[in-house]
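Each residue of the sequence shown is one higher than the last, beginning at 1 in our numbering.
We put the CB at the ideal spot given by N, CA and C, even for glycine.
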Amino acid sequence: MRSPGELGARRDAAKQLKVLMPSCFHRLSISDELAGHLLDAGNGGDDTALPMALVVNSFGKVWQVEVGRDGGGAFLGPGWPEFVAANGFGVGWFLVLRHEGRGVLTVKAFDLTCCLNESRDLQPSTATRSNRYGSHKPQFIKVLLPDFTEKMLIPPAFVQRYVSEAQQSSKMAIIASQFGKFWPIEVNNDGSGMFLAGGWSQFLAFHGISEGDVMLLRYEGNMVFKIKVFGLNGCQKDLKGRATGTQQNTERQKEAHLCREHERSSGKEDTRPKGSLSSSNKGSRKKRRFCSLENGERPSIKKEMSTYSVKKFVSLATTFCDLIGLVGECTITLKTSMKSTKCWQVGARRYKNYGYLGGKRWKSFCMENKIREGDVCTFHIVEAALWHVVITHNSDRIG
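In structure tokens, the structure reads:
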């Protein structure tokens, strides 16, 4: 028998994705790993005890299902057909099984619309001890087919049910991966549906998501999604990607918020705070001075570039803006060598909850210095409006 510590260490791995075929209505084959969790927890160390699992649907209603094993492997047997029939599952549905501990197995069912099934008539009339397992947010599931590698259709039924008309006009969605990284993805809505488009293929490549993988996206609201991925074997994948620290994760979150705010305000005549533009010269920016840097302090900030950062702007954490005293908007001079006369003047802007470095010259700065996604720029503040930029290209770091 595994110790409680070993069970706890493997709890996150006790998940499996299944596709319902006709043979699955009588009994459902499960992985040895998932069965091991259920058998160990259900028996309580007594080999003579009947191996049972408590199977819970999306609304917290519980069924007792026997866990068995034969020459074909582990399976959910007696009690499973009753669970399937009571919940109205159909052929071609996706089921996500997860061991919650102590022999409790939660089941999320995704119907042919690819959405999490929410048949309200299945919801228990009274709260039960197990209803804590039934809480959920809107979710949908998609198989990564060849047609979805460049852009992916969000299920129309999901959009109709959960995405407001205002959000359907959004130009940007945010996907949070298991690393805590926040990825801005452009949204196309061409009348035939809503698609995750610009930046989508780069997101897939970065995380090692390949054709045939199944993606589960949970909607957090305001066009923000969290993602989990299952491989061809039905087990949840540990997504690949470059390691990142807590500070960088926080900056990604700020950048994600900045992307949403930027797209929300784009195309509007003037959404900036009063006083940010001179009334006598609407086409030019009113420049504001920095607050003085205390005690000659010369802070720095390191940023890993995303595709959006290179093309549009790079976000600045509010703590950093506070440190250097950035208020309103101004012009920053960037230099890659303090011995050279070459420089770039880019725009900087501070809002209440974030700041950014961008403008037309920012894109030129990135192009002329061959900055691409994955490269790291370290900004050293020489003076308030003069920054020395050290560029570390991704190819150099890998080498």
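*What are the boundary residues of the alpha helix (DSSP H) that residue 194 is part of?*
Not the alpha helix (DSSP H): residue 194 falls in the beta strand (DSSP E), residues 194-196.
_Environment of residue 91 [buried if 16+ CB atoms lie within 10 Å]_ = exposed
*asked:* Pop quiz: residue 393 and residue 375 are said to be a contact at Cβ under 8 angstroms. What is the actual Cβ separation, rounded to whole angstroms?
replied: 5 angstroms
*Considering residue 363, what are the terminal residues of the alpha helix (DSSP H) in which it resides?*
360-368
_Checking 7 angstroms against the spacing of the C-beta atoms, do residue 84 and residue 25 come in under that value?_
yes
_Coil, strand or helix - residue 148 by DSSP_ = helix
_Using only the alpha-carbon positions, how far apart do residue 148 and residue 385 sit?_
44 angstroms
*Does the Cβ of residue 207 have 16 or more other Cβ atoms within 10 Å, making it buried, or fewer, making it exposed?*
buried
*Just the Cα atoms here: how many angstroms apart are residue 316 and residue 382?*
17 angstroms
*Determine the contact status of residue 89 and residue 74, defining contact as a CB-CB distance below 7 angstroms.*
no
*What is the rounded straight-line gap between the Cα of residue 322 and the Cα of residue 360?*
25 angstroms
*Which of the three DSSP states, helix, strand or coil, is assigned to residue 114?*
coil
_Quick check on residue 16: buried or exposed, where buried means 16 or more other Cβ atoms within 10 Å of its Cβ?_
buried
_Same chain only: Cβ atoms within 6 angstroms of residue 366, ignoring 5 sequence neighbours per side_ = 310
*asked:* Based on DSSP bridge pairs, tell me the residues matched to residue 333.
replied: 345 and 386
*Counting pairs of beta carbons, one from the segment 167-176 and one from the segment 208-226, are three or more of them closer than 8 angstroms?*
yes
*With residue 62 as the anchor, note down where its beta strand (DSSP E) starts and where it stops.*
62-70
*Roughly how many angstroms separate the alpha carbons of residue 38 and residue 96, rounded to a whole number?*
15 angstroms
*Would you identify the three-state DSSP class for residue 327, choosing helix, strand or coil?*
coil
*Kindly indicate which residue of 319, 313 and 308 has the alpha-carbon position closest to the one of residue 299.*
319
*Would you identify the three-state DSSP class for residue 315, choosing helix, strand or coil?*
strand
*Start-to-end residues for the beta strand (DSSP E) that takes in residue 87*: From DSSP, residue 87 is part of no beta strand (DSSP E) but of the alpha helix (DSSP H) over 80-87.
_Option in 56, 53, 354 and 163 with minimal Cα separation from residue 194_ = 163
*asked:* According to DSSP, simplified to helix, strand and coil, what is residue 17?
replied: strand
*Using the Cα positions of residue 211 and residue 170, report the straight-line distance between them to the nearest angstrom.*
27 angstroms
*Given residue 202, which residues of its chain have a CB within under 7 angstroms of its CB, disregarding the five upstream and five downstream residues?*
307 and 373
*In the structure shown, what three-state DSSP assignment does residue 136 receive?*
coil
*Going by the CB atoms, is the gap between residue 115 and residue 155 shorter than 7 angstroms?*
yes
*Sorted by chain position, which residues of the same chain lie with C-beta nearer than 7 angstroms to residue 410's C-beta, five sequence neighbours on each side aside?*
The shown model of the chain, from 1 to 399, leaves out residue 410, and the question about it has no answer.
*In terms of residue numbering, what span does the alpha helix (DSSP H) encompassing residue 413 cover?*
Since the first and last residues shown for the chain are 1 and 399, residue 413 lies out of range.
*What is the residue span of the beta strand (DSSP E) that residue 182 lies within?*
182-189
*Less than 7 angstroms separating the beta-carbons of residue 151 and residue 183?*
no
*Cβ pair residue 51, residue 67 closer than 7 angstroms*: yes
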